[in-house]
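To keep things clear, I will list the structure first and then write my remarks on it.
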Amino acid sequence: MVTPVTAIRGIGPAQERLLAAAGIDSAETLRRIGADEAYLRMLSVGARPHFIAYYALHMALQGRPWNDLKGAEKDEMRKAYDALLRRRPKSAGLPPPDLAAFMDRIGLRPPRRHG
Numbered sequence: 001m002v003t004p005v006t007a008i009r010g011i012g013p014a015q016e017r018l019l020a021a022a023g024i025d026s027a028e029t030l031r032r033i034g035a036d037e038a039y040l041r042m043l044s045v046g047a048r049p050h051f052i053a054y055y056a057l058h059m060a061l062q063g064r065p066w067n068d069l070k071g072a073e074k075d076e077m078r079k080a081y082d083a084l085l086r087r088r089p090k091s092a093g094l095p096p097p098d099l100a101a102f103m104d105r106i107g108l109r110p111p112r113r114h115g
């Protein structure tokens with residue numbers, strides 16, 4: 001039986017949608033791959049980098065409230081987040097080059113890289 005990701009306390013509808021778009025459709029899969037891999041996959045499907053979303057995912061998998069992260073632990077999590085963003089592929093969250101060129105030609109700008 002598959003358990004929905006929202007069965008994990010702290011995973012709400014917005015993260016559920018991003019996780020599903022990233023191919024993570026169960027709590028079991030999320031727990032197996034872990035927060036870092038899940039977050040990288042979310043970025044790869046267009047999620048904007050956001051430190052709180054990153055650490056909220058970690059906290060949810062630990063069974064802790066998102067706002068429980070403080071002090072030195074938060075500082076270490078920030079370092080891990082920054083390192084993760086440096087590791088991600090340069091194209092993460094961006095459309096393929098052909099689509100980006102087409103969007104530019106018709107007056108739409110592809111999303112810019114944030115992070």
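The sequence shown begins at 1 in full-length UniProt numbering and counts up by one. We put the CB at the ideal spot given by N, CA and C, even for glycine.
Contacts around residue i, its chain only, beta-carbon distance under 6 Å, and the 5 residues preceding and following it disregarded
{"i": "isoleucine 24", "result": "Leu30 and Ala38"}
{"i": "valine 45", "result": "Ala21 and Ala22"}
{"i": "glycine 115", "result": "Note on glycine 115: pLDDT 46, under 50, position unreliable in the model; the coordinate value appears next. Cβ neighbours of glycine 115 beyond the five flanking positions: Pro49 and Leu85."}
{"i": "leucine 18", "result": "Met42 and Ala47"}
{"i": "valine 5", "result": "Ile11, Glu16, Leu19, Ala27 and Leu30"}
Exposed unless 16 or more other CB atoms sit within 10 angstroms - verdict on residue i
{"i": "methionine 1", "result": "exposed"}
{"i": "glutamine 62", "result": "exposed"}
{"i": "isoleucine 11", "result": "buried"}
{"i": "leucine 108", "result": "exposed"}
{"i": "leucine 69", "result": "buried"}
Sequence-distant residues of its chain with Cβ nearer than 8 Å to residue i (five each side left out)
{"i": "alanine 80", "result": "Asp36"}
{"i": "tryptophan 66", "result": "Gly10, Ile52, Tyr55, Ala56, Met59 and Ala60"}
{"i": "threonine 3", "result": "Ser26, Ala27 and Glu28"}
{"i": "alanine 7", "result": "Ala27"}
Beta-carbon separation (whole angstroms), residue i vs residue j, contact threshold 8 Å
{"i": "phenylalanine 51", "j": "arginine 78", "result": "7 Å"}
| said: List, from N- to C-terminal side, the alpha helix (DSSP H) runs of 4 residues or more that fit wholly inside the segment 57 to 104. | reply: Those alpha helix (DSSP H) runs which fall completely within the segment 57 to 104 and span 4+ residues are 71 to 87.
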